[in-house]
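Here is the structure we will look at.
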Ligand code: HEM
Ligand code: HEM
Ligand SMILES: [Fe+2]
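Shown next as structure tokens:
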């Protein structure tokens, strides 16, 4: 990936910019994992780095880095496909590059401030300079404003290019959805003293991102990737995409009610949240079926023509795409459905069960397909017709998937124990909370999470090693 900076076959500035976003994304992914490992150790040994690098800080950087690397990779993916889909070289990409450097400088400063200023008073100036205190999107005000400016530039690149170029169905969904996605960020920017109101709006960002606009984004990426990687037919792919969009928004928008059970919002949200969020797995099943169906169909057509070779033009990208189909359905669909009805959520709310779902869903639905897009970007960068998985690609995907699944199972067991002991038996009391945390099932779950976290990290090292070398290796093999 680094060599690709110099020996670059991309003549297209938009795609070059996409690769720049990918490079930062992967670095932030690494930072996320290191922070996760520190926080996981602190679950087992609470004194670890106490007052040097507290759990609150490690956890905060862990989940903020998660959101930021994914946004970087999403912007990168958009630039990768923008010029391709529209058949236009891209409008004002130079400005987009400036935006990239501004954003990256801002992210660096924000992270340094998180790490250097760990504790202090919570004042008006804290909101502006240090931290906004909203889980997942903690960036202070000044950075918020900077982010909005950079996103406006990005959106201008996308919109203006779309207007000038060819308007495919995929691009139309992309352009409309990005407007909603970016606009929702604003809901997390204003401040109120009322915690219920604050949470009400905060969920507009978090839930309406991950269960509506980000999912639609994944739909467009998968559609594009299927066309590029296995030569799926555009008409079929776009028809599926429109159905997915309808189902995702139809269930996901009001499904937000499943976060309004506990924050002081009116009780009618129980029914709304229960009904609509229970429907949310349906589009995820559709997305799963679609990817596998198209793959089977294209391979079948290929073989019927007497061509024995696999229909897949990019092995690692396709592996990650298929993992996305499974992971999205399992992590968001199944693990989400488990606790989405108020009758269940009354026991599971805020236990390690939630953390289990959070890990598998973010990984399954987003990390997977975004990594797939990075591999696709590399294939373009090196101008390769085919790119096969290497040993490192396989180790990377296997260890990461195995590690995250292992962490999820471990946390599910810890959460199950909390539900039984802390919630059901001891009636969700303060005392119950501590008793449950000291029982072996809980502690062993945390231990296995840490072990599986290390497995994930080893997988990540293979992934980076592969991303750095696969282009060159494939190029030499092709020659
Ligand atoms: C890719 C999509 C999804 C992602 C990334 C995701 C991620 C998360 C995360 C990180 C949380 C914890 C939030 C917090 O810090 O409080 C959460 C909570 C929750 N998610 Fe999801 N989720 C997704 C889809 C779903 C779906 C489809 C459902 C239901 C079918 C669902 C049901 C829930 C529920 C009920 C909670 C609240 C848990 C509690 O009360 O503690 N999620 N989700
Ligand atoms: C080295 C691997 C990892 C380790 C050791 C790790 C560890 C942790 C720890 C200790 C927490 C705090 C949990 C709590 O407050 O109870 C956490 C939260 C979280 N992590 Fe990870 N993590 C890892 C990888 C990942 C990955 C790959 C993702 C997703 C792509 C992810 C997504 C999240 C999310 C969404 C939360 C917040 C969950 C919630 O509040 O419900 N983590 N992680
Ligand atoms: Fe949600």
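Numbering (my numbering), first residue to last: 4 to 482. From the three backbone atoms N, C-alpha and C, an ideal C-beta is built for every residue, glycine too.
Checklist entry - If you draw a straight line from the C-alpha of residue 418 to the C-alpha of residue 449, how long is it? => result 10 Å
Item to check | residue 304 burial status per 10 Å Cβ neighbour count (16 or more: buried) | outcome: Residue environment: residue 304 is assigned as exposed (fewer than 16 neighbouring CB atoms within 10 Å of its CB, all protein chains considered).
Checklist entry - Sorry if obvious, but does the Cβ on residue 334 come closer than 8 Å to a heavy atom of ligand 1? => result yes
Checklist entry - When a residue counts only if its C-beta is closer than 5 Å to some heavy atom of ligand 3, which residues count, in chain order? => result 210 and 214
Item to check | Option in 337, 384, 408 and 113 with minimal Cα separation from residue 491 | outcome: Given a span of 4 to 482 for the chain in the structure shown, any question on residue 491 remains unanswerable.
Checklist entry - Which runs of the beta strand (DSSP E) fall wholly inside the segment 187-211 and span at least 3 residues, in chain order? => result none
Checklist entry - The alpha helix (DSSP H) with residue 86 in it runs from where to where? => result 58-89
Item to check | Continuous beta strand (DSSP E) assignments of at least 3 residues falling wholly in the segment 142-168 | outcome: none
Checklist entry - Hey, how far is the Cα of residue 94 from the Cα of residue 409? => result 45 Å
Next on the checklist: Suppose only complete runs of 3+ residues qualify. What are the beta strand (DSSP E) ranges in the segment 315-377, listed by chain order?
Outcome noted: none
Next on the checklist: Considering Cα atoms alone, identify which of 281, 474 and 444 is closest to residue 12.
Outcome noted: 474
Checklist entry - Among 413, 463 and 159, which residue has its Cα nearest to the Cα of residue 400? => result 463
Checklist entry - Around the C-beta of residue 459, are 16 or more other C-beta atoms found within 10 angstroms, so that it is buried, or is it exposed? => result Burial call: buried.
Next on the checklist: Taking 9 Å as the threshold (C-beta atoms), are residue 204 and residue 216 in contact?
Outcome noted: no
Checklist entry - If you count every other CB in all the chains shown that lies within 10 Å of the CB of residue 199, and 16 or more means buried, which is it? => result exposed
Checklist entry - Buried or exposed: residue 169, going by 16 or more other Cβ atoms within 10 Å of its Cβ? => result exposed
Checklist entry - Using the beta-carbon count (16 or more within 10 Å), is residue 155 buried or exposed? => result Residue 155 should be labelled exposed.
Checklist entry - alpha helix (DSSP H) containing residue 411: first to last residue? => result 394-420
Checklist entry - Between 277, 330 and 385, which lies nearest to residue 317 when the distance is taken from Cα to Cα? => result 385
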